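In my numbering, the protein residues as written are 1304 to 1647.
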């Protein structure tokens, strides 16, 4: 039995893509456990993605693991038997402390990590460098919680290391160079292209939002100014909000730019493929500059990325932020690169 753990809509989309690549494997051999976050937009998208997964014959189990203080332990007890019986574990977020805790119960000798967006790039790079697993936008401080969870993280780290009796696979659309022994399977979004589209394409442009302000990386003032200039320059009328963008920020963007704010009910790869979509899609450095060219291959839609200028970064941003964001842009294939200076 394949057992997958997902915490975001994109992770669930990529589990569907992974199942699609298995060829003759029976989709009913896969069970997906959804560990939903608390924010309503993510939960809504996850419910829609769960419906699509069930349509494919995949069993989906919705397991609350957040909220009240007893939820994590209750969920762990509920999932323990399922985890121990699984032959193949599939996870979407190797940085998740809760998933790392579940990995301490795993007996399976096969492990697959599917894309959780650009975080996959940092995950593979940290594995190659032998570093402890830390999200790129965190400053890396070690607090009491990290010290308590250190043994759990260390056990998870060992699970991501292949041995003669334990295989590790990374299923990704991102440009990564995995350490020796880890298999890399390319995600071409074949399932998405087979199930959706081709889309109706308009003449104008659409902008794609980012949660870099919410994660404390980018200052909100230059971000809003950049969105306004990009909208004017490219004739954009719609702004597809990231599921983590705050309502206050989106209201301010709408008032300042006149853009129609769209809160998608599915990951953008599916929204764009389903259409209608602008002839040009403009994004800041994010997952979609790697995934949209694959999902929209052959449609004639142009994907453009606007760099993040160093002066947009907050003083409290991680020292790794500038280099990581530049790497996201520089390694994207099939996209038009826009200068942050020209659009500041």
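Cβ atoms here follow ideal geometry from the backbone N, Cα and C, with glycine treated the same way. Because the structure is a prediction, the values reported are computed rather than measured.
Query - Rounded C-alpha distance that separates residue 1350 from residue 1307 - result: 16 Å
Query - Residue from 1519, 1316, 1340 and 1483 with nearest C-alpha to residue 1623 - result: 1519
Query raised in the report: Does DSSP classify residue 1644 as helix, strand or coil?
Result: Annotation note: pLDDT 45 at residue 1644 (below 50); position unreliable, coordinate value reported separately. If DSSP states are grouped into helix, strand and coil, residue 1644 belongs with coil.
Query raised in the report: Hey, residue 1597 and residue 1584: beta-carbon distance below 8 Å or not?
Result: no
Query raised in the report: Grouping DSSP H, G and I as helix and E and B as strand, with all else coil, what is residue 1638?
Result: coil
Query - Pick from 1319, 1501, 1379 and 1478 that is closest to residue 1577, judged by C-alpha positions - result: 1501
Query raised in the report: Which of the three DSSP states, helix, strand or coil, is assigned to residue 1474?
Result: strand
Requested in this report: Return the CA-CA distance between residue 1640 and residue 1610, expressed in angstroms with no decimal places.
Outcome: 8 Å
Query raised in the report: Counting along the chain, where does the alpha helix (DSSP H) carrying residue 1334 start and finish?
Result: Not the alpha helix (DSSP H): residue 1334 falls in the beta strand (DSSP E), residues 1333 to 1337.
Query - Distance between residue 1522 and residue 1614 (C-alpha atoms, nearest Å) - result: 9 Å
Requested in this report: Assign residue 1554 to one of three DSSP states: helix, strand, or coil.
Outcome: helix
Requested in this report: Using alpha carbons as the reference points, say which of 1393, 1426 and 1337 lies closest to residue 1479.
Outcome: 1426
**Report entry** Completely contained alpha helix (DSSP H) runs for the stretch 1384 to 1417, where each covers 4 or more residues
**Finding:** 1400 to 1406
**Report entry** Own chain residues within Cβ distance below 6 Å of residue 1541, not counting five before or after
**Finding:** 1509, 1563 and 1565
Query raised in the report: In terms of residues, what are the limits of the alpha helix (DSSP H) holding residue 1616?
Result: Segment: none, residue 1616 is in no alpha helix (DSSP H) and carries neither H nor E.
Report task. Would you mind stating whether residue 1475 and residue 1423 have Cβ atoms separated by less than 8 Å? Result -> yes
Query - Residue closest to residue 1675, alpha-carbon to alpha-carbon, out of 1549, 1504 and 1507 - result: Because the chain in this structure spans residues 1304 to 1647, residue 1675 falls outside the shown range and cannot be described.
Query raised in the report: Expressed to the nearest angstrom, what Euclidean distance is found between the alpha-carbon atoms of residue 1503 and residue 1579?
Result: 5 Å
Query raised in the report: So residue 1604 is in the beta strand (DSSP E); what residue range does that whole segment cover?
Result: Run containing residue 1604: none; DSSP gives neither H nor E here.
Query raised in the report: Roughly how many angstroms separate the alpha carbons of residue 1375 and residue 1367, rounded to a whole number?
Result: 8 Å
Query - CA-to-CA distance, residue 1539 to residue 1317, given in whole angstroms - result: 29 Å
Report task. Rounded to whole angstroms, what's the CA-CA distance from residue 1428 to residue 1481? Just pull it up for me. Result -> 7 Å
Query raised in the report: Who are the near neighbours of residue 1382 in its chain, counting only those whose CB is closer than 7 Å to its CB and skipping five residues on each side?
Result: 1336, 1366 and 1405
Query raised in the report: What span of residues does the alpha helix (DSSP H) with residue 1358 cover, start to end?
Result: 1343 to 1358
Requested in this report: Whole angstroms is fine: what's the gap from residue 1599's alpha carbon to residue 1588's?
Outcome: 18 Å
Report task. Check residue 1574 in the structure and name its three-state DSSP category. Result -> helix
Query raised in the report: DSSP state of residue 1563, grouped into three classes?
Result: strand
**Report entry** Nearest candidate by alpha-carbon position, reference residue 1397, set 1637, 1459 and 1546
**Finding:** 1459
Query raised in the report: From which residue to which residue does the alpha helix (DSSP H) around residue 1627 run?
Result: 1624 to 1633
**Report entry** Neighbourhood of residue 1544 by C-beta distance below 7 Å, restricted to the same chain and skipping five residues each side
**Finding:** 1512, 1553, 1564, 1565 and 1566
Requested in this report: Inspect the beta-carbon positions of residue 1468 and residue 1412 and report whether they are closer than 8 Å.
Outcome: yes
Report task. Please look up how many angstroms separate the CB atoms of residue 1582 and residue 1636, rounded, as I've assumed it's under 8 Å. Result -> Residue 1582 to residue 1636, Cβ: 19 Å. No contact.
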